[in-house]
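To start, the structure itself, in structure tokens.
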Amino acid sequence: MRLSRYLLKTLRETPADADTANHQLMLRAGMVHQVAAGVYGYLPLAWRALQKIERIVREEMDAAGAQEVRLPALHPIELWQESGRAAGMGDILFKVKDRRGHELVLGPTHEEVITDIVRHSVRSYRDLPLILYQIQTKFRDEPRPRSGLLRGREFTMKDAYSFDAGSEGLDRSYQAMAQAYRNIFDRCGLQTIVVEADSGAIGGKDSQEFMVTAAAGEDELLHCPSCGYAANVEKAAFKKLTPGTTAERPPREKVATPGCATIRDVAALLGVPPERTIKAVLYTDETGGLVFVCIRGDLEVNEVKVKNAFKAKDLRPATDAEIRAVGAVPGYASPIGIRREGVKLAVDDSIVSSVDYVTGANQEGYHYRHVFWDRDFMDKDGKPWLGSAYYQDFAKAQPGHGCPKCGLPLEGSRGIEVGHIFKLGTVYSESMGARYLDTAGQEQPIVMGCYGIGVTRILASAIEQHHDEKGIVWPPAIAPFRVYLVGLNLEQEAIRREADALYDELDKAGVEVLYDDREESAGVKFNDADLIGLPVRLTVSPRNVKQGVVEYKVRTAAKADLVERQRILEKLTPSA
RNA sequence: CGGGGUGUGGCGCAGUUGGCUAGCGCACGUGGUUUGGGACCACGAGGUCGCCGGUUCAAAUCCGGCCGCCCCGACCA
Numbered sequence: 001m002r003l004s005r006y007l008l009k010t011l012r013e014t015p016a017d018a019d020t021a022n023h024q025l026m027l028r029a030g031m032v033h034q035v036a037a038g039v040y041g042y043l044p045l046a047w048r049a050l051q052k053i054e055r056i057v058r059e060e061m062d063a064a065g066a067q068e069v070r071l072p073a074l075h076p077i078e079l080w081q082e083s084g085r086a087a088g089m090g091d092i093l094f095k096v097k098d099r100r101g102h103e104l105v106l107g108p109t110h111e112e113v114i115t116d117i118v119r120h121s122v123r124s125y126r127d128l129p130l131i132l133y134q135i136q137t138k139f140r141d142e143p144r145p146r147s148g149l150l151r152g153r154e155f156t157m158k159d160a161y162s163f164d165a166g167s168e169g170l171d172r173s174y175q176a177m178a179q180a181y182r183n184i185f186d187r188c189g190l191q192t193i194v195v196e197a198d199s200g201a202i203g204g205k206d207s208q209e210f211m212v213t214a215a216a217g218e219d220e221l222l223h224c225p226s227c228g229y230a231a232n233v234e235k236a237a238f239k240k241l242t243p244g245t246t247a248e249r250p251p252r253e254k255v256a257t258p259g260c261a262t263i264r265d266v267a268a269l270l271g272v273p274p275e276r277t278i279k280a281v282l283y284t285d286e287t288g289g290l291v292f293v294c295i296r297g298d299l300e301v302n303e304v305k306v307k308n309a310f311k312a313k314d315l316r317p318a319t320d321a322e323i324r325a326v327g328a329v330p331g332y333a334s335p336i337g338i339r340r341e342g343v344k345l346a347v348d349d350s351i352v353s354s355v356d357y358v359t360g361a362n363q364e365g366y367h368y369r370h371v372f373w374d375r376d377f378m379d380k381d382g383k384p385w386l387g388s389a390y391y392q393d394f395a396k397a398q399p400g401h402g403c404p405k406c407g408l409p410l411e412g413s414r415g416i417e418v419g420h421i422f423k424l425g426t427v428y429s430e431s432m433g434a435r436y437l438d439t440a441g442q443e444q445p446i447v448m449g450c451y452g453i454g455v456t457r458i459l460a461s462a463i464e465q466h467h468d469e470k471g472i473v474w475p476p477a478i479a480p481f482r483v484y485l486v487g488l489n490l491e492q493e494a495i496r497r498e499a500d501a502l503y504d505e506l507d508k509a510g511v512e513v514l515y516d517d518r519e520e521s522a523g524v525k526f527n528d529a530d531l532i533g534l535p536v537r538l539t540v541s542p543r544n545v546k547q548g549v550v551e552y553k554v555r556t557a558a559k560a561d562l563v564e565r566q567r568i569l570e571k572l573t574p575s576a
């Protein structure tokens with residue numbers, strides 16, 4: 001392709017609205033055009049890269065036995081009502097009305113549509129297993145699109161769904177997809193880590209995310225350098241060390257702690273370490289009920305774990321008024337002596353019954369000491385909470401905490417979620433009636449899995465992970481072109497002939513080459529070459545032509561080599 | 001949705017105590033001189049100053065409302 005004919009305008013200055021590397025570089029390299037918040041047009045350079053990514057995805061999916069389909073973006077809302085997600089996904093759904101006033105959804109994902117298809121075509125265990133996939137535009141009305149292509153309202157996703165006649169089959173499909181995903185990301189030149197993930201309110205059991213490690217990532221990850229455990233912070237567990245247990249149980253005692261509404265103040269005043277205090281964190285769920293979380297003073301609450309435990313759709317910090325309404329006092333709250341109605345009590349398993357704790361007394365300026373939760377947690381009628389409280393893990397793992405598997409300290413990092421696989425089980429097949437007849441002639445729900453890859457996200461995260469101060473450094477497999485051919489002093493007829501001839505030769509040989517035949521100065525061309533970041537740069541210039549050589553420079557190399565003109569093609573197409 | 005910022009040619013910005021044909025750099029066109037790391041000179045094209053309403057002899061500038069975009073948070077399969 002001749003650059004003089006190509007839709008590609010680079011920018012010297014960085015647009016003010018872009019603040020992540022991928023967004024800045026894609027705008028500067030003339031790859032994308034923003035049309036609205038989170039909505040982009042892909043210009044030729046970006047589109048070529050996307051097509052390469054899609055091709056890799058297709059090859060690996062096909063190799064894993066999946067079959068490609070193409071599903072509609074427009075879905076009748078009834079399908080979403082049937083699965084229960086019309087309400088469940090709420091505001092994220094883009095909705096449109098047709099001329100008759102009938103409501104339709106712009107597909108944010110395709111479980112409903114695919115399940116609808118499969119329930120109409122699969123009858124018997126003989127039709128299974130089946131893995132179907134598509135590459136499609138998805139629409140999500142995100143509360144906040146951001147970071148260029150990393151979180152858009154319209155984006156390209158590869159979504160695959162597996163259908164099996166039992167959980168062993170699902171395991172096999174899941175493993176096949178996991179392997180295909182590893183291959184895809186490796187081929188795309190991405191460094192990823194696979195983490196255990198939260199599968200959300202409607203999810204099944206196993207769920208893993210493929211994360212591109214990058215500082216701009218939205219997700220917080222924890223991993224263990226010694227045993228390999230890795231998880232999204234939403235899901236991560238850790239080893240909770242118990243502070244010294246006590247054999248005796250002194251009676252509970254109220255102590256004055258004026259102005260000590262934080263754990264730090266209370267711990268300092270009473271001379272106890274934070275891990276011997278119990279912190280109360282209060283939320284209100286979508287029904288208006290209060291979710292009362294008790295956790296050891298040195299730990300933070302993981303809201304996702306709380307949400308999952310109570311199957312809450314929505315959780316927000318409770319207001320002071322809501323806290324007082326149940327008889328608790330903000331800053332001095334504990335479950336001791338509060339109302340029971342409308343309160344769900346969550347006790348983190350860091351709170352061990354044999355430890356002597358300090359906790360709030362539900363009275364301004366007072367705390368209790370010598371609190372043993374199994375003995376002292378009682379409501380206002382003196383009825384024990386023990387038995388009706390949820391006692392499990394509600395804590396947020398942090399770097400430095402012990403790995404749940406081997407106990408050594410966990411490390412933290414950030415990642416961009418480029419793939420997510422999980423075992424759905426029979427959630428959709430049951431709600432939507434997708435069944436098959438087993439060998440005994442009995443009707444069974446099909447066991448499903450679903451597997452997503454953010455195709456546009458791969459593009460953005462590849463740039464996020466592979467760039468330097470001058471520009472993009474494309475992983476070769478997804479570079480829009482292989483070679484950036486620079487012609488210098490093309491106004492000299494002899495040089496232009498040489499450059500044109502080299503371009504034609506490479507082009508005929510099937511080497512993807514972008515030929516900078518513009519009338520620009522050397523500096524402009526070299527800087528654009530670095531910005532666009534194709535793997536190889538070739539330079540034809542008067543001094544090279546005189547010597548019968550072409551300058552050959554790999555984007556990642558510090559210096560260029562001079563290669564004999566006749567050897568260029570073989571240098572670019574190594575047979576061995 | 002809460003907090004913050006911002007909106008002036010394609011991009012980056014100035015101008016905002018009300019005052020003349022709204023400026024600067026980059027990019028763009030024409031001509032000339034240059035030519036290995038973002039050249040120079042000359043001439044030139046390009047703007048409903050986000051939108052609507054108000055105040056005024058006069059509004060990019062003051063007032064009111066609305067909208068877009070960006071960031072933090074909430075949110076988010």
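Mapped onto the working numbering, the consecutive letters of the first sequence carry residue numbers 1 to 576.
The beta-carbon is built from N, C-alpha and C at its ideal position, and this holds for glycine as well.
- At a Cβ-Cβ threshold of 9 Å, L71 and Q136 count as neighbours.
- Secondary structure note for E322: its alpha helix (DSSP H) is the uninterrupted segment D320 to A325.
- T245 places its beta carbon less than 9 Å from that of V352.
- Burial is judged here by how many other beta carbons sit within 10 angstroms of a residue's own beta carbon; H223 has at least 16 and is buried.
- Of V447, V32 and F292, the smallest CA-CA separation from R340 is found for F292.
- In this structure, DSSP gives G244 a state outside helix and strand, which the three-state scheme calls coil.
- Out of G382, D374, T109 and L45, the CA that lies nearest to the CA of L3 is found in L45.
- In the same chain as V347, and ignoring 5 residues on each side of it, the C-beta atoms closer than 6 Å to its own belong to C294, A389 and Y391, in chain order.
- For K235 and V194, the gap between their C-alpha atoms comes out near 13 Å.
- C260 is classed as buried because its beta carbon has at least 16 other beta carbons within 10 Å across all chains shown.
- The Cβ neighbour count for P15, taken over all protein chains shown within 10 Å, is under 16; the residue is labelled exposed.
- Shortest Cα-Cα distance from Q465 to any of I421, R414 and R296 involves R414.
- The secondary-structure analysis by DSSP pairs H467 across a beta bridge with I472.
- Excluding its 5 nearest sequence neighbours in each direction, A18 has C-beta neighbours in its own chain below 7 Å: Q24, L27 and G148, listed in chain order.
- Proximity to L315 across D91, T284 and G433 peaks at T284, based on C-alpha coordinates.
- The region 260-313 contains, as complete alpha helix (DSSP H) runs of 4+ residues, the segments 263-270 and 303-310 (chain order).
- Secondary structure of H370 (DSSP, three-state): strand.
- Taking 9 Å as the cut-off, the Cβ atoms of R140 and L93 count as close.
- Contact between N302 and L150 is absent: CB atoms are separated by about 24 Å, not below the 8 Å threshold.
- When DSSP assignments are scanned along the region 430-511, the uninterrupted stretches of beta strand (DSSP E) that are 3 or more residues long and fall wholly within it turn out to be 435-437, 443-445, 447-454 and 483-487.
- Distance from the Cα of A522 is smallest, within the candidate group N489, R324, G533 and I532, for N489.
- H370 and E220 have their C-alpha atoms roughly 36 Å apart.
- Nearest to P274 by C-alpha distance, out of E59, W47 and T359, is T359.
- For I338, same chain residues with a beta-carbon under 7 Å away, outside a window of 5 residues either side, are V326, G327, A328, N362, D379 and K380 in chain order.
- In this model, I278 and G84 are separated by some 38 Å (Cα to Cα).
- In the three-state reduction of the DSSP assignment, Y125 falls in the helix class, which pools H, G and I.
- Counting only the Cα atoms, R153 lies some 30 Å from L130.
- Per the Cβ contact rule, the region 156-168 is not in contact with the region 26-41 (fewer than 3 Cβ pairs under 8 Å).
- Secondary-structure assignment with DSSP links S147 through no beta bridge to anything.
- Under the 8 Å Cβ criterion, the region 539-553 does not count as touching the region 452-462, having fewer than three qualifying pairs.
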